[in-house]
Amino acid sequence: MDRRIGTSPLKCKFNPIHHHVPQSDNAEYKEAFALFDKRGTGAVPRETLGDLLRALGQNPTQAEVADIVHNAPRDVDYKTFLTILNRPDGFKPAGTPEEFIRGFQVFDKEGNGFIGAGELRYVLTQLGEKMSDEEVDELLKGVQIGADGNVNYESFVRTILSQ
Numbered sequence: 701m702d703r704r705i706g707t708s709p710l711k712c713k714f715n716p717i718h719h720h721v722p723q724s725d726n727a728e729y730k731e732a733f734a735l736f737d738k739r740g741t742g743a744v745p746r747e748t749l750g751d752l753l754r755a756l757g758q759n760p761t762q763a764e765v766a767d768i769v770h771n772a773p774r775d776v777d778y779k780t781f782l783t784i785l786n787r788p789d790g791f792k793p794a795g796t797p798e799e800f801i802r803g804f805q806v807f808d809k810e811g812n813g814f815i816g817a818g819e820l821r822y823v824l825t826q827l828g829e830k831m832s833d834e835e836v837d838e839l840l841k842g843v844q845i846g847a848d849g850n851v852n853y854e855s856f857v858r859t860i861l862s863q
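Per my numbering: the sequence shown ends with 863, consecutive numbering throughout.
Here it is in structure tokens:
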């Protein structure tokens, strides 16, 4: 039975649906949850849910996180968190290196495997899941930019995804 309310699949997260979570995963989830429970109250602020999900290897989009935060109680207990983590539709997979490389090829006007660092910054801050300038600065710290100002995007993708 579908318990979703409205069009958002996230609205079902807070209904009492129980999911089986393997014990090994349960220990990892509890440990991560405890790290985010800075006040020691057995609950985490809803604003930290995106970071907590990502710390556990999930890949929620910014829109998914916004919807989760909007629908979550102010303080999220562990049981509610497990329901969010095990939502019926899951989270969008991160994507393969080849998919990201194909995406960058659109901006490779010369077909040589390079795009300008400025263009890379534009793509990361203005298109798709937009990153902040600070996030891009952090990301580009380990990126080799050629004397001509270009970045080998295949190397960039593989470096970023290996972190």
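Cβ coordinates follow ideal geometry from the N, Cα and C atoms, glycine included.
_Is the separation between the beta-carbon of Asp775 and that of Ala743 shorter than 9 Å?_
The residue given as residue 775 occupies position 75 in the sequence shown. The residue given as residue 743 occupies position 43 in the sequence shown. Yes, these two residues count as a Cβ contact at 9 Å.
*asked:* Please state whether the Cβ-Cβ distance between Asp808 and Arg821 is less than 9 Å.
replied: As a first step, residue 808 is located in the sequence shown; it is residue number 108 there, counting from the start. As a first step, residue 821 is located in the sequence shown; it is residue number 121 there, counting from the start. Taking 9 Å as the Cβ cut-off, Asp808 and Arg821 do not qualify as a contacting pair.
_Counted within 10 angstroms of its Cβ, other Cβ atoms place Val857 as buried (16 or more) or exposed_ = Taking the sequence shown and counting its residues from 1, one reaches residue 857 at position 157. By the 10 Å Cβ count, Val857 comes out buried.
*Considering only residues of the same chain and omitting the five flanking positions on each side of Asp777, which have a CB-CB separation below 8 Å?*
Residue 777 sits at position 77 when you count from the first residue of the sequence shown. Cβ neighbours of Asp777 beyond the five flanking positions: Gly742 and Ala743.
*Reducing DSSP to helix, strand and coil, say where Val843 ends up.*
The count along the sequence shown starts at 1 and reaches residue 843 at position 143. Correct three-state label for Val843: coil.
*To the nearest angstrom, how far is it from the Cα of Phe736 to the Cα of Tyr853?*
One-based indexing of the sequence shown puts residue 736 at position 36. One-based indexing of the sequence shown puts residue 853 at position 153. Computed Cα separation, rounded: 34 Å.
*My understanding is that Phe781 touches Glu764, with C-beta atoms under 8 Å, so please give their C-beta distance in whole angstroms.*
Your numbering for residue 781 matches position 81 in the sequence shown. Your numbering for residue 764 matches position 64 in the sequence shown. Not confirmed; about 15 Å, so no contact.
*Could you give the residue range of the beta strand (DSSP E) that holds Asp775?*
Counted from its first residue, the sequence shown places residue 775 at position 75. Residues Asp775 to Asp777.
*For the candidate residues Gly818, Ala817 and Arg802, whose alpha-carbon lies nearest to that of Gly811?*
In the sequence shown, residue 811 corresponds to position 111, counting from 1. Comparing Cα-Cα distances from Gly811 to each of Gly818, Ala817 and Arg802, the minimum goes to Arg802.
*Return the CA-CA distance between Glu798 and Leu752, expressed in angstroms with no decimal places.*
Position 98 of the sequence shown, counted from the first residue, corresponds to residue 798. Position 52 of the sequence shown, counted from the first residue, corresponds to residue 752. Looking at the two C-alpha atoms, the distance is approximately 27 Å.
*Please classify Ala743: does DSSP put it in a helix, a strand, or coil?*
Position 43 of the sequence shown, counted from the start, is the residue given in the question as residue 743. In the structure shown, Ala743 sits in a strand (DSSP, three-state: E or B).
*Is Gly795 helix, strand or coil when you go by DSSP?*
By 1-based counting over the sequence shown, the position of residue 795 is 95. Correct three-state label for Gly795: coil.
*Just mark Thr783 as buried or exposed, buried being the case when its beta carbon has 16 or more other beta carbons within 10 Å.*
Numbered from 1 along the sequence shown, position 83 holds the residue referred to as residue 783. Flag for Thr783 reads buried.
*What residue range is occupied by the uninterrupted beta strand (DSSP E) comprising Val823?*
What you label residue 823 is simply residue 123 of the sequence shown in a count that begins at 1. First-last for Val823: Ala817 to Gln826, but that is the alpha helix (DSSP H), not the beta strand (DSSP E).
*Reducing DSSP to helix, strand and coil, say where Asn786 ends up.*
For the purposes of this step, residue 786 is identified with residue 86 of the sequence shown, where counting begins at 1. Note: Asn786 maps to coil in three-state DSSP.
*Would you decide whether Val851 is buried or exposed? Buried here means 16 or more other CB atoms lie within 10 Å of its CB.*
The count along the sequence shown starts at 1 and reaches residue 851 at position 151. By the 10 Å Cβ count, Val851 comes out buried.
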